[in-house]
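In the working numbering, the protein residues as written are 14 to 245.
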Ligand SMILES: *Cc1c(COP(=O)(O)O)cnc(C)c1O
């Protein structure tokens, strides 16, 4: 027996309290369950407890779970680094891609989205702390990428996503979240109509909600620690 139900209740109540502290309506913050490295069976259980949306980082692993869960109505979000040679499978199988960080990837996703499917929801991933080895568009390049993505027929640009630098004595992720909030506001003042700010993980969803997150991505606090020995 696992503690999924209790974990889900705990995370939901953390979201509600954070919204209350921030003077926001809890309905404004969606929960994305990050299921990477966890089994399809756990995804099924959490779905049956009322969780509709799941995030995956690895294409092959995600496709296996989708096949296993084909009869459930799940909403799948791709949140991992995306190489060009994997865009087709992602465009064909996911509902959202939150890790778009360059023009080439956006263009391929739009071109490869199958006819008959609704536009693919996307977020631009922002390298908000300018970390050299991290994925994400640099903040100064986001506007140009957003304008380009917005004009692509099979994409629907929904907003921004970020994974800030880890918390330390030198860095408070709340600062990164605040910069993300300003960036989204600026884009909306420039006429984009973006409704999604995907930020906040198990350790810091409260700070993210304080700074305008509309979607927290939670793995560990829902499913427990990720198994280390799973091939991906
Ligand atoms: C793994 C992952 C998460 C979940 O992190 P936890 O700390 O386990 O909640 C969220 N977002 C992204 C992009 C991830 O890769």
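The beta carbon of each residue, even a glycine, is placed where N, CA and C say it ideally should be.
All of these numbers come straight from a predicted model, not from anything done at the bench.
Margin query: Give me the DSSP bridge partner(s) of residue 69.
Written below: In the chain shown, counting from the first residue as 1, residue 69 sits at position 56. Residue 69 is bridged to 91.
Next item on the list: May I ask you to list the residues that DSSP assigns as paired with residue 46?
Entry: Counting from one through the chain shown, the residue named residue 46 turns up at place 33. DSSP lists 67 and 231 as partners of residue 46.
Margin query: Among 22, 219, 66 and 68, whose alpha-carbon lies nearest the alpha-carbon of residue 185?
Written below: In the chain shown, residue 185 corresponds to position 172, counting from 1. The option with the nearest alpha carbon to residue 185 is 219.
Check: From residue 67 to residue 109, what distance separates their C-alpha atoms?
Finding: By one-based count along the chain shown, residue 67 stands at place 54. By one-based count along the chain shown, residue 109 stands at place 96. Taking the straight line from one Cα to the other gives about 10 Å.
Margin query: Helix, strand or coil, according to DSSP, for residue 111 in the structure here?
Written below: Position 98 of the chain shown, counting from 1, holds the residue named residue 111. Residue 111 falls in the strand class under three-state DSSP.
Notebook entry, point to check: Is it right to say residue 80 is buried, meaning 16 or more other beta carbons lie within 10 angstroms of its own, or is it exposed?
Noted result: In the chain shown, the residue the question calls residue 80 occupies position 67. Counting Cβ neighbours within 10 Å, residue 80 comes out exposed, since fewer than 16 surround it.
Margin query: Quick check on the DSSP output: the alpha helix (DSSP H) that includes residue 211 runs from which residue to which?
Written below: Numbered from 1 along the chain shown, position 198 holds the residue referred to as residue 211. Counting along the chain, residue 211 falls outside any alpha helix (DSSP H), though it belongs to the beta strand (DSSP E) covering 209-211.
Notebook entry, point to check: Taking residue 100 as the reference, which of 217, 132, 72 and 78 has the closest Cα?
Noted result: Position 87 of the chain shown, counted from the start, is the residue given in the question as residue 100. When each option's Cα is compared against that of residue 100, the closest is 72.
Notebook entry, point to check: Between residue 106 and residue 134, what straight-line distance do the alpha-carbon atoms span, to the nearest angstrom?
Noted result: Here residue 106 corresponds to residue number 93 of the chain shown, with the count starting at 1. Here residue 134 corresponds to residue number 121 of the chain shown, with the count starting at 1. Their backbone Cα atoms lie some 12 Å apart in a straight line.
Next item on the list: Report, in whole angstroms, the separation of the C-beta atoms of residue 91 and residue 123, which I expect to be a contact under 8 Å.
Entry: Within the chain shown, residue 91 is the residue found at index 78, counting from 1. Within the chain shown, residue 123 is the residue found at index 110, counting from 1. The pair is not a contact, with the Cβ atoms about 15 Å apart (cut-off 8 Å).
Check: By how many angstroms is the C-alpha of residue 98 removed from the C-alpha of residue 78?
Finding: One-based indexing of the chain shown puts residue 78 at position 65. One-based indexing of the chain shown puts residue 98 at position 85. In a straight line, the C-alpha of residue 78 is about 20 Å away from that of residue 98.
Check: Going by Cα to Cα distance, which pick from 228, 240 and 224 is closest to residue 46?
Finding: Start at 1 with the first residue of the chain shown, and residue 46 comes out as number 33. Nearest option by C-alpha distance: 228.
Next item on the list: Drop a sphere of 10 angstroms on the beta-carbon of residue 238, count the other beta-carbons inside from all chains shown, and report buried for 16 or more, exposed for fewer.
Entry: Taking the first residue of the chain shown as 1, we reach residue 238 at position 225. Exposed, since its Cβ has fewer than 16 Cβ neighbours within 10 Å.
Check: Since residue 196 and residue 155 are thought to touch, with beta carbons under 8 Å apart, how far apart are those beta carbons, to the nearest angstrom?
Finding: By 1-based counting over the chain shown, the position of residue 196 is 183. By 1-based counting over the chain shown, the position of residue 155 is 142. So it is a contact: roughly 6 Å between Cβ atoms.
Margin query: Does the beta-carbon of residue 93, which I'm using as the reference point, lie nearer than 7 Å to any heavy atom of ligand 1?
Written below: As a working mapping, residue 93 is identified with position 80 in the chain shown. Because some heavy atom of ligand 1 lies under 7 Å away, the Cβ of residue 93 counts as near it: yes.
Notebook entry, point to check: Is residue 170 closer than 8 Å to residue 193 when the C-beta atoms are compared?
Noted result: In the chain shown, residue 193 corresponds to position 180, counting from 1. In the chain shown, residue 170 corresponds to position 157, counting from 1. No.
Notebook entry, point to check: Roughly how many angstroms lie between the CA atoms of residue 168 and residue 89, to the nearest whole one?
Noted result: Taking the first residue of the chain shown as 1, we reach residue 168 at position 155. Taking the first residue of the chain shown as 1, we reach residue 89 at position 76. Approximately 16 Å, taken between the alpha carbons.
Note to self: I'd like to confirm something about residue 234: is its beta-carbon nearer than 7 Å to some heavy atom of ligand 1, or not?
What the structure shows: Taking the chain shown and counting its residues from 1, the one referred to as residue 234 is at position 221. Answer for residue 234: yes, Cβ within range of ligand 1.
Checklist line | Nearest-angstrom Cβ-Cβ length linking residue 235 and residue 42, presumed shorter than 8 Å | finding: Mapped onto the chain shown, residue 235 falls at position 222. Mapped onto the chain shown, residue 42 falls at position 29. Incorrect: roughly 15 Å between the Cβ atoms, too far for contact.
Checklist line | 6 Å CB neighbourhood of residue 211 in its chain, flanking five on each side removed | finding: For this step, residue 211 is matched to residue 198 along the chain shown. Around residue 211: 111, 136, 174 and 228.
Check: Nearest to residue 145 by alpha carbon, out of 44, 178, 125 and 163?
Finding: Your numbering for residue 145 matches position 132 in the chain shown. Nearest of 44, 178, 125 and 163 to residue 145, Cα basis: 178.
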